[in-house]
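Asker: Below is one structure. I have some questions about it.
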Amino acid sequence: MTDDTQPPDPTNGTSSTQPTEPTHSDANDTADTDEPHRSTFESLHPVARVVTTLLVELLWLVGRLVVVGGRLAVSFLTERERRIRAQRWFLLEGRRWAIVGGLVGGIVVVAFGLSLTGVFGIDRSDFVTSIFTTVIAGLFSFVPIIIAVNQLTISQLFGTPDDLREQIHGIAAFRATIEDRLPDTAVSPTDPGRFAALANGVLSKRAAELERACTDIGDEALETRVERYARRVITATTRLEGRLDGDRLRLMEVLLPMMGDGYSENVNEARRIQTEYELPERADDLLADLRDLFVSMDVIRQYFKALYIKQELARLSRLIAYTGMAAFLVSLFLILLFANGVPAGGYGTGMLFVVSAALGVASLPFAVFFAFIVRIATIAKRTAAPGAFTPRGETPDYIEALRDSSRERP
C-alpha cells in the first residue's frame, strides 16, 4: 500500500503543521534595494553640504568683491584727487614688485579658476604644449630688447678723457654755485638726497628773506603779490624737505618728490613781479637769486633723472634676463611633462594648479618689463622740457589749484 503523504517541502524551512507567518517578501526586496541608495545618499550628503557651503561662500566673496570694485571704480572716476593719487602710485610711487606680483597673481588665479570650470582646456596636452611653445618663442623676442637697453646704458659710459674731464669740471662748478650761497657750508655733500635738501634749504631761506624785504613798503598790491609768491615757494620747499629727510636715500626717493615742482613756472612768476612793479633793491636781488636757484634745482632734477634712467635700464635688463631664464625653464619643463599626452599625476586639481602657476611664471618677464618701463617712461615724460617751458601734464598740482581758484574769483 502506497503512502500518499507528501514529504515536507525543504524550501519551506518549517513543518506543514506549524502555522506560517507572512513573509512580506516584496517589502523585504524593496528594503534591500533601497538600502544601498540610502547609504550612498548618506555618504554623499556631507560632501554635498560642504560643496554647497563653499559655493555659497564663494558667491558671497565674489559679490563683495564686485561691490567693492564698483565703489572703487565710481570713486576713482568721480573724485579727481583720489584718481590723481592712484595714477601717481601706479606710475611713480608704487613698488614695482607689488605691481609685478599683482599681475602674475591675477594671471594664476584667473587661469586656475577658468581651468576648474572647464573654460581652459588644460586637460588637453596639445593645448598646453602649444601655449608654452608660444611662450618660449615670445621670450626669444626679448633678446633684442635686452641688447637695445644695454646699448642705451653702455653708450653713456664711453667718451674721451677730455670729455670726461669736462663733465667732471662742470659738475664741480655747479656744486660751487650752491656752496657760494651757504656761508656755513664749505663743501657740499656728495649724497644726492643731502645735496638736494641743501639746495632746497637755500630756496626756502631766500623766499623768507624776500617776504621780509617787501613788508611795510607802502605798496599793498606789491606786498600781497610777493607774499603770495613767497608763501607758495615756502610751502613747496617745506613739502620737499619732508620727503628728503633721511640718510642715504635711494635716487628714486630723491627724484620722486621733485617731479611735481614747476620750477619754470616759479621763474616766470619772479620775472613778472620784477617787470610789473618797482621793487626795492634788496627785493630785486633776492628775486634774481631765486630765479637762479630755481634753474639750479631744475638742473639737479634733470641730472638725477639721467642717472636714475641709466641705473634703472641696467637693472631692468638684468631682471629680464633672470626672469626670462626662469620662464624658459618652467615652460620647457611643462612641455616635457605633457610630451606623452597624459602627465604622470593625471588631470586632477593639483595638475591644474601646477599648469596655472607655470603660466604665471612664464608671464613674469613680461610683467617685469611692463611695471618698470611704465615708470621710466613716465619720469622721462614728466621732466621732458627743462627750462622756461612747462608742457601739459608737468604742471604741479598746487599751481593748477591756484589757477582754478583765480578763475573762480569774479
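Numbering (the numbering used here), first residue to last: 659 to 1068. Glycine is no exception: its CB is placed at the ideal position from the N, C-alpha and C atoms.
1) Provide the residue span of the alpha helix (DSSP H) that contains E751, from first to last.
2) Anyone know if the C-beta pair for G779 and F785 falls short of 8 Å?
3) Would you check if the distance between the CB atom of I958 and the CB atom of A854 is smaller than 8 Å?
4) Hey, F800 and G982 are a contact pair by Cβ (cut 8 Å); roughly how many whole angstroms apart?
5) Does the beta carbon of Y980 come closer than 8 Å to any beta carbon on chain B?
6) Using DSSP with H/G/I as helix, E/B as strand and the rest coil, what is G764?
7) Please name the residue, chosen from R940, R973 and L965, that lies closest to P850 on a Cα-to-Cα basis.
8) Would you report the Cα separation of A972 and Q809, rounded to the nearest angstrom?
9) Going by alpha carbons, who is nearest to D950 out of R753, R906, D838 and L1010?
10) So V1000 and S783 are in contact, right, with Cβ under 8 Å, and what is the actual spacing, rounded?
11) Alpha carbon to alpha carbon, how far is A744 from L719? Give it in angstroms, no decimals.
12) Give the C-beta separation of A928 and C872 to the nearest angstrom, bearing in mind that I take them to be a contact with Cβ-Cβ under 8 Å.
13) Rounded to whole angstroms, what is the Cα-Cα separation between W747 and L944?
14) Below 8 Å between beta carbons: does that hold for L974 and F1030?
15) Measure the beta-carbon distance from P1023 to L761 and round it to whole angstroms, keeping in mind my assumption that it falls under 8 Å.
16) Whose C-beta lies closer than 8 Å to the C-beta of S683 among residues of the same chain, with five residues either side of it excluded?
17) Just confirm the distance between the C-beta atoms of A1020 and V766, as a whole number of angstroms; I'd bet it's less than 8 Å.
18) Starting from the C-beta of V1013, find all residues in its chain whose C-beta is less than 8 Å away, skip the five residues before and the five after it, and write them out in chain order.
19) Let me know the secondary structure DSSP gives N808 once reduced to three states.
20) Please report the residue range of the alpha helix (DSSP H) in which Y961 lies.
21) Would the beta-carbon of V884 fall within 8 Å of that of L868?
22) What is the DSSP secondary structure of E934, reduced to helix, strand or coil?
23) Do you know how far the Cα of I967 is from the Cα of A985?
24) So the alpha helix (DSSP H) E911 belongs to, where does it begin and stop?
25) With DSSP run on the structure shown, which of helix, strand or coil describes L840?
Answerer: Once the coordinates are examined:
1) For E751, there is no enclosing alpha helix (DSSP H), as DSSP gives it neither H nor E.
2) Yes, Cβ-Cβ distance for G779 and F785 is below 8 Å.
3) Yes, the Cβ-Cβ distance between I958 and A854 is below 8 Å.
4) 6 Å between Cβ atoms; contact.
5) The displayed structure is made up of one protein chain only, and chain B is not part of it.
6) Of the three classes helix, strand and coil, the one that applies to G764 here is helix, per DSSP.
7) Among R940, R973 and L965, the Cα nearest to that of P850 belongs to L965.
8) Straight-line Cα distance between these residues: approximately 10 Å.
9) The candidate whose alpha carbon is nearest that of D950 is D838.
10) About 7 Å separates the two Cβ atoms, so the contact holds.
11) Approximately 24 Å, taken between the alpha carbons.
12) About 13 Å; that fails the 8 Å criterion.
13) Rounded to whole angstroms, the separation of the alpha carbons of L944 and W747 is 36 Å.
14) In this structure, F1030 lies closer than 8 Å to L974 by Cβ.
15) Actually they do not touch by this definition, with Cβ atoms about 11 Å apart.
16) With a pLDDT of 47 at S683, under the threshold of 50, the modelled position of this residue cannot be trusted; read the value that follows with caution. Annotation for S683: no residue places its beta carbon closer than 8 Å to its own, counting only its chain and skipping 5 residues before and after.
17) So it is not a contact: roughly 11 Å between Cβ atoms.
18) Result list for V1013: A769, S773, I780, V786 and L992, in chain order.
19) Helix at N808.
20) Counting along the chain, the alpha helix (DSSP H) containing Y961 begins and ends at E939 to L995.
21) Yes.
22) Per DSSP, reduced to three states, the secondary structure at E934 is helical.
23) Approximately 26 Å between the Cα atoms of the pair.
24) Note, E911: alpha helix (DSSP H), L909 to L913.
25) Coil at L840, not helix or strand.
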